[in-house]
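Heads up: the sequence lines are chains A and B, in that order.
Take the position in the first sequence, starting the count at 1, then add 63; the result is the number in my numbering.
Take the position in the second sequence, starting the count at 1, then add 3; the result is the number in my numbering.
We put the beta carbon where it would ideally sit given N, CA and C, even for glycine.
Small disclaimer: the values here were computed from a predicted structure and weren't measured.
Input: a single structure, listed below in structure tokens.
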Amino acid sequence: GENVEQHPSTLSVQEGDSAVIKCTYSDSASNYFPWYKQELGKRPQLIIDIRSNVGEKKDQRIAVTLNKTAKHFSLHITETQPEDSAVYFCAASINTGFQKLVFGTGTRLLVSP
Amino acid sequence: GAVVSQHPSWVICKSGTSVKIECRSLDFQATTMFWYRQFPKQSLMLMATSNEGSKATYEQGVEKDKFLINHASLTLSTLTVTSAHPEDSSFYICSARDPGLAGVEQFFGPGTRLTVL
């Protein structure tokens, strides 16, 4: 089955800096890659997603890149703000059957003012 | 649109008792719902896939007799933790896909924090 690895586990940046979180997946059949932001005690919130037919997607300060050959995808946050502090999870899904999500281990991002 | 609710938001129970958690899709019909468990400072782990009108599909290592799932309608799935023990204390989250939307996005409920004493 699918296995998703995520790095780093923690990331501390200064406000205004960029943050990059990387994930790798094992199943080449995976074709949907969402990123979630989760605040303590809250539900995961989808912040951006990408499908395998696209190499990059951007939404304001957030971007995701996908390298299908290497089976890795990355989240890029520019001009970080303290309110970006949270735990971020990547996930991968195969667009067949139940389309289950397999989550990465999470990255705790701390943005210091 | 695509709102998922859970009830209760938190529950405390004694060891050995059973606890039922409800997951509802409020503005869409969900033939498939997913149940996750999240321990503190860990990731979401899929427990089972709930299918309306049929048996749930459990992930490897999840005891189907301990975690009973019922998906009796297109808007409601329930997870019952039977004979709960302290090690079952966790954050339980459900999600659902809206088949009316042309995508695979899962919409998550707010979660239920279970504490077993």
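Listed by chain order, chain A residues near residue i by CB distance under 7 Å
i	result
B/GLN109	LEU164
Buried or exposed by the 16-neighbour rule on C-beta atoms within 10 Å, applied to residue i
i	result
B/TRP38	buried
A/GLY169	buried
B/PRO89	exposed
B/PHE111	buried
A/SER72	exposed
B/PRO43	exposed
A/TRP98	buried
A/THR132	exposed
A/THR159	exposed
B/ALA51	buried
B/THR81	buried
A/ASP112	buried
Identity of the residue in the options nearest residue i by Cα
i	options	result
A/LYS163	B/VAL6, B/PRO11 and B/SER53	B/SER53
A/SER89	A/GLY167, A/VAL174 and A/LEU173	A/GLY167
A/ASP32	A/ALA149, A/HIS139 and A/VAL165	Nothing can be reported for residue 32 of chain A: it is not among the residues displayed for chain A, which extend from 64 to 176.
B/SER57	B/ILE72, B/MET48 and B/MET50	B/ILE72
B/LEU120	B/ALA99, B/SER92 and B/VAL84	B/SER92
A/LYS85	A/SER75, A/GLU146, A/HIS70 and A/VAL76	A/HIS70
A/PHE161	B/ALA75, B/THR81, B/THR85 and B/ALA33	B/ALA33
A/GLY64	B/THR78, B/GLN63 and B/ARG40	B/GLN63
Beta-carbon neighbours of residue i, restricted to chain A and to distances below 8 Å
i	result
B/PRO11	What B/PRO11 touches in chain A: nothing, since even the nearest Cβ is about 14 Å away.
Euclidean distance between Cα positions of residue i and residue j
i	j	result
B/SER46	A/CYS153	10 Å
B/LYS69	A/SER175	43 Å
B/CYS97	B/SER18	23 Å
A/ALA155	B/LYS23	29 Å
A/PHE96	A/VAL127	9 Å
B/ARG100	B/ALA59	16 Å
B/ALA75	A/LEU173	42 Å
B/LEU3	B/LEU77	Chain B is shown from 4 up to 120; residue 3 of chain B falls before or after that span and cannot be answered.
Within chain B, partners of residue i - CB distance below 9 Å
i	result
A/SER156	VAL107 and GLN109
Beta carbon proximity, residue i to chain E, threshold 8 Å
i	result
B/SER46	Absent from the structure: chain E. Protein chains present are A and B.
Chain-ordered neighbours of residue i on chain B, where CB pairs are closer than 8 Å
i	result
A/GLY167	SER46
Closer than 7 Å: residue i CB and nearest the ligand PLP heavy atom
i	result
A/ASP112	This structure lacks the ligand PLP, and indeed carries no ligand of any kind.
Amino acids of chain A, ordered along the chain, whose beta-carbon sits closer than 9 Å to that of residue i
i	result
B/THR35	PHE161 and GLN162
(Q) Under 9 Å, CB to CB, which of the residues in the region 78 to 109 of chain B have a partner in chain A? (A) Shown in chain order are the members of the region 78 to 109 of chain B whose Cβ falls below 9 Å from a Cβ of chain A: PHE94, ILE96, SER98, ARG100, GLY106, VAL107, GLU108 and GLN109.
Q: Give, in chain order, every residue of the region 101 to 120 of chain A whose Cβ lies closer than 9 Å to some Cβ of chain B.
A: Residues of the region 101 to 120 of chain A with a Cβ closer than 9 Å to any Cβ of chain B, in chain order: GLN101, GLY104, LYS105, ARG106, PRO107, GLN108, LEU109, ASP112 and ARG114.
Q. Which residues, taken in chain order from the region 140 to 153 of chain A, show a beta carbon closer than 9 Å to some beta carbon of chain B?
A. Residues of the region 140 to 153 of chain A with a C-beta atom less than 9 Å from some C-beta of chain B are VAL150 and PHE152, listed in chain order.
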